[in-house]
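Here you go:
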């Protein structure tokens, strides 16, 4: 890799026109001098749109904590405590990324969540070394992110639209699968592809489409939330929703500091999580760029991407002391932003406040936790598929007419989608290696970045040197 840097010290996204909101959602009263991302809306609307984000994303922290609890055999009281912490830290992280205090957060409409590959790594470390070591690994990884960030920011020029677009497509496909599993269940488990659950998922999608088709203005912007509410009502009529347990137990749930005892720091145990954090930084790059694309805001990746990574690292640092896995910036809300046309970062800041409140109000948390997964999955499939489309749009601007670009994209998609489409394909590999390979996003991003460097940086320079040598020998 060459150490030479381009003449310009700034690596900016090419200017893109701000995408117009969907028909019927334009607000002609807004100040034209204020970018829609920085626009403040009436408090009632901001809260409504924020609640919509929360309803779509709430299943992720709930499922993450329940998976962690079931795998590590945690007692119910500890599970409730971790769920409260997950909501509070998700809210705090969303506020940091949306409001952007000092050098933390890109001031874009972002939410933060636990789950995904960091959760699996956390569970693996906990099973092998114990929960205190797992929480110590999270704290070490957060600190590691701060240390390596200056080096990583210098490599951002090797992540053009071709690399990021490929990564976003893989992210979108993976998220659609996550939403689909919420509807169908996992193959081989009891209740897989239950007709009632399938019907609930399809009905939820159908209501969302109908609302988006028939409504205009604010009602159309709320189509995702209205579809989820309608699906929940249908689930209640079918006897699949029971909120009676929400009244049981106390009113307030306070997250407990260091629920597993003092963190224990073991560099060897933390190494897989620290290595994954590099892939997470690449994913944060893609999330930041695609979020900026969705809201039509030009950003400087050299300064804004590090702000996103710092927000992730700071939230994860706090989360580690509350027994949580790494907290990561999520692409789940980007689909909602694109569908609704509401681009204000204050909406996701409101979602952050709602998440913090939910974390402290035990009855609200319990009500959300009993919304049928099939209903949440139906909503999630639509929202996540929009992210895939955004990745395709970005690839459309990455000069795929060049054979080398097509080849880079094809190989990265093939290897990145492999563990997503065929789960367990790397089951024969050592556990630490398997966990990294099974992250399709990390594999796809790494392959796309390496091949892009080889084909579009190394190969042209080698060819130029050979041509120069031949020219000089002919003289």
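Residue numbers (my numbering): 4 to 478. Positions of the beta carbon are idealized from the N, C-alpha and C atoms, including for glycine.
- Residue pairing by DSSP leaves residue 60 without any beta bridge partner.
- When C-alpha distances from residue 121 are compared across 52, 322 and 39, the shortest belongs to 322.
- Proximity to residue 307 across 102, 52, 77 and 42 peaks at 102, based on C-alpha coordinates.
- Ranking 407, 343, 463 and 324 by CA distance to the CA of residue 39 puts 343 first.
- As computed with DSSP, residue 317 is found in no beta bridge at all.
- Apart from sequence neighbours up to five positions away, the residues of its chain that approach residue 98 with a beta-carbon distance below 6 Å are 352 and 355, ordered along the chain.
- Considering only 74, 424, 140 and 151, the residue with the shortest C-alpha distance to residue 271 is 140.
- Look at residue 332 here: in three-state DSSP terms it is strand.
- By the CB criterion at 8 Å, residue 89 and residue 117 fall inside the cutoff.
- With distances taken between CA atoms, residue 148 lies nearest to 309 out of 295, 377, 421 and 309.
- Under the three-state reduction of DSSP, residue 303 is assigned to strand.
- For residue 261, no alpha helix (DSSP H) segment is defined, and its DSSP state is neither H nor E.
- Contact between the region 414-426 and the region 436-447 is present: three or more C-beta pairs spanning the two stretches fall below 8 Å.
- Under DSSP, residue 116 shares a beta bridge with 331.
- The three-state reading of DSSP puts residue 255 in strand, counting E and B together.
- In chain order, 124, 127, 128, 435, 438 and 439 place their CB closer than 8 Å to the CB of residue 275, counting only its own chain and leaving out the 5 sequence neighbours on each side.
- Within the same chain, and ignoring the five residues on either side of residue 340 in sequence, the residues whose Cβ sits closer than 7 Å to its Cβ are 112, 297, 298 and 346.
- By the Cβ rule, the region 394-411 does not count as touching the region 212-232, because fewer than three pairs are nearer than 8 Å.
- Of the residues 458, 87 and 151, the one whose Cα lies closest to the Cα of residue 284 is 151.
- Of 318, 263, 281 and 331, the smallest CA-CA separation from residue 136 is found for 263.
- Where residue 177 is concerned, the enclosing alpha helix (DSSP H) starts and stops at 164-187.
- Two segments are said to touch when three or more pairs of C-beta atoms, one from each, lie closer than 8 Å; by this definition the region 311-325 does not touch the region 462-475.
- Contact between the region 317-331 and the region 202-212 is absent, with fewer than three C-beta pairs closer than 8 Å.
- Here residue 432 is exposed. Its C-beta has fewer than 16 other C-beta atoms within 10 Å.
- Judged by DSSP secondary structure, residue 279 falls within the alpha helix (DSSP H) whose first and last residues are 270-298.
- Of the candidates 464, 77, 78 and 387, 387 places its Cα closest to the Cα of residue 181.
- In the three-state scheme derived from DSSP, where H, G and I count as helix and E and B as strand, residue 358 is classed as helix.
- Excluding the 5 residues flanking it on each side, residue 132 has same chain C-beta neighbours closer than 7 Å at 269 and 272, in chain order.
- For residue 219, there is no enclosing alpha helix (DSSP H), as DSSP marks it with neither H nor E.
- Here DSSP, grouped into helix, strand and coil, assigns residue 364 to strand.
- A direct Cα-to-Cα measurement between residue 195 and residue 189 gives close to 6 Å.
- Between the alpha carbons of residue 49 and residue 281 lies a distance of about 34 Å.
- The alpha-carbon separation between residue 44 and residue 92 amounts to approximately 25 Å.
- With respect to the 8 Å criterion, residue 55 and residue 212 are not classified as neighbours on the basis of their beta carbons.
- Nearest to residue 382 by alpha-carbon distance, out of 396, 57, 468 and 160, is 57.
- Annotation: the continuous alpha helix (DSSP H) that includes residue 100 extends over 79-102.
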